[in-house]
Amino acid sequence: MTIAPPDRERTAERLLRTSAKHSYDPLTEIDWEAPLVEGRPFSPPHRSSLYGTALWEELGEERRIELTRHETASVASVGVWFECLLIRVLMRHIYDQDPTTKHVQYALTEIGDETRHSVMFARMIDKFGCPAYGPDRVARLLGRSVVLVLRQISGFAGALFVEEILDALQREAMADETLQPLSRQVARIHVVEEARHIRYAKQELARQWTAAGPFARAYHRLVLGGAVYLATTRLVHPGVYAAVGLDPRRARRVAARNPHYRQTLAWAAGKVVAELGGLGMIKGPGRRLWRRAGLLPQADLRGRDPLA
Numbered sequence: 016m017t018i019a020p021p022d023r024e025r026t027a028e029r030l031l032r033t034s035a036k037h038s039y040d041p042l043t044e045i046d047w048e049a050p051l052v053e054g055r056p057f058s059p060p061h062r063s064s065l066y067g068t069a070l071w072e073e074l075g076e077e078r079r080i081e082l083t084r085h086e087t088a089s090v091a092s093v094g095v096w097f098e099c100l101l102i103r104v105l106m107r108h109i110y111d112q113d114p115t116t117k118h119v120q121y122a123l124t125e126i127g128d129e130t131r132h133s134v135m136f137a138r139m140i141d142k143f144g145c146p147a148y149g150p151d152r153v154a155r156l157l158g159r160s161v162v163l164v165l166r167q168i169s170g171f172a173g174a175l176f177v178e179e180i181l182d183a184l185q186r187e188a189m190a191d192e193t194l195q196p197l198s199r200q201v202a203r204i205h206v207v208e209e210a211r212h213i214r215y216a217k218q219e220l221a222r223q224w225t226a227a228g229p230f231a232r233a234y235h236r237l238v239l240g241g242a243v244y245l246a247t248t249r250l251v252h253p254g255v256y257a258a259v260g261l262d263p264r265r266a267r268r269v270a271a272r273n274p275h276y277r278q279t280l281a282w283a284a285g286k287v288v289a290e291l292g293g294l295g296m297i298k299g300p301g302r303r304l305w306r307r308a309g310l311l312p313q314a315d316l317r318g319r320d321p322l323a
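Given below as structure tokens:
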């Protein structure tokens, strides 16, 4: 078994205390019987993938709100998919470690948080009356491979990336009183609990990256680039556009080229891009995938999918 370093144990002990004080059961904290509020969007309209495009103007107010309903459901269902991948990474991380350590006990606590979050997202999707879109078939197949090659460094970096993006989007949503109350309640719970997960991932990543050699660093940069590309480009399922009466292939192309949506992605990822870039994790061949995902400066906005 691996012996946990003292600083790792101190961090885990603090996180365990915080978890005991600030953990929520979404099944009881959220009023799932309350009706949705007519006329309120489900996420900030200016964060929609089609905002600012000619298609957005064609939709009209009612269908724009409907688009935010389905986009929020799509992001939530991708969130469930990612939580499942993260749980697998965490379980593999602690498999051979001493369960009496605070580090392992906090990892198990985080796994418990993630399972509750997945149930919360699933309940929200159902309440919205939307399908669980999830990622497309290609992403699901690649996801099975990615989780096998994600090791501790790239696993924690990937977790940090997704958590920071959702944190930015949900902090904005929870403060927006014009949105559906259910959207805000879900965002609030997720933001509070993910703050602990972000701290855990940051400290563990920094510790392991410092000790990694050049070959390991090159490996994790490439794997992380693939994970980031999958997570970012599959947030909005094409079926979302069909649900509001749009041609999904055309709408997906428009969204991929939409500078407003690319700005939203770059804004949401700005903090974590700076953090991971500062560590030297966005270099080499993997950097191209970050750029194609719209998270780095690029020469064109054609939105081609190198994995298509």
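In this text, residue positions in the sequence shown follow this note's numbering: the first is 16, and each later residue adds one. Glycine included, each C-beta is placed from N, C-alpha and C at the ideal position. Fair warning: this is a prediction, and the values are worked out from it, not measured in the lab.
Residue i burial status per 10 Å Cβ neighbour count (16 or more: buried)
i, result
"V52", "exposed"
"H61", "exposed"
"M106", "exposed"
"K36", "exposed"
"P41", "buried"
"I18", "Confidence in I18 is poor, its pLDDT being 44 and thus under 50, which makes the residue's placement too unreliable to answer from."
"E192", "exposed"
"L156", "exposed"
"G170", "buried"
"L316", "Here the model assigns L316 a pLDDT of 38, short of 50, so the residue's position is not dependable, and the following value carries that caveat. Exposed, since its Cβ has fewer than 16 Cβ neighbours within 10 Å."
"G345", "Lying before the first or after the last residue shown, residue 345 is absent from the chain, which here runs from 16 to 323."
"A49", "exposed"
"D22", "exposed"
"T130", "exposed"
"R211", "buried"
"E125", "buried"
"P114", "exposed"
"I46", "The residue you asked about is not Ile; residue 46 is Asp in the sequence shown. Flag for D46 reads exposed."
"Y66", "buried"
"Y215", "buried"
"G144", "exposed"
"A69", "exposed"
"T248", "buried"
"V201", "buried"
"V153", "exposed"
"D128", "buried"
"Y110", "exposed"
"R25", "exposed"
"R277", "buried"
"A226", "exposed"
"P43", "A small correction: the amino acid at residue 43 is Thr; Pro does not occupy that position in the sequence shown. Label assigned to T43: exposed."
"F176", "buried"
"G228", "exposed"
"R84", "buried"
"E76", "exposed"
"P312", "exposed"
"E178", "buried"
"E72", "exposed"
Supposed close pair residue i, residue j - CB separation, criterion 8 Å
i, j, result
"E208", "S38", "7 Å"
"P150", "W96", "6 Å"
"S89", "Y148", "4 Å"
"S58", "T87", "5 Å"
"M325", "L197", "Outside the shown range of the chain (16 to 323) lies residue 325, about which nothing can therefore be said."
"L310", "A284", "5 Å"
"D262", "I213", "Actually they are not in contact, since the Cβ atoms of D262 and I213 sit about 38 Å apart, beyond 8 Å."
"H118", "A27", "4 Å"
"R55", "Q167", "Rounded, the Cβ-Cβ distance is 42 Å, inconsistent with contact."
"R236", "M296", "6 Å"
"A308", "Y244", "5 Å"
"V259", "L74", "7 Å"
"I180", "V287", "7 Å"
"G241", "W305", "That belief does not hold up - the Cβ atoms of G241 and W305 are roughly 10 Å apart, past 8 Å."
Checklist entry - For the segment 212-293, which segments carrying the alpha helix (DSSP H) assignment without a break, of at least 4 residues, lie completely within its bounds, in sequence order? => result 229-248, 254-258 and 263-272
Next on the checklist: Ignoring anything shorter than 4 residues, give me the alpha helix (DSSP H) runs that lie fully in the segment 154-195, in order along the chain.
Outcome noted: 167-189
Next on the checklist: Quick check for students: name the residue ranges of the alpha helix (DSSP H) that lie wholly in the segment 59-123, counting only runs of 4 or more.
Outcome noted: 69-109
Item to check | Meets three-Cβ-pair contact criterion under 8 Å: the segment 185-200 and the segment 253-266 | outcome: no
Checklist entry - Do the segment 204-222 and the segment 256-276 meet, that is, are 3 or more Cβ pairs less than 8 Å apart? => result no
Checklist entry - If we count Cβ pairs, one from each stretch, closer than 8 Å, do we get three or more for the segment 282-296 versus the segment 73-83? => result no
Next on the checklist: Counting beta carbon pairs with one atom in the segment 209-225 and one in the segment 168-184, are three or more of them shorter than 8 Å?
Outcome noted: yes
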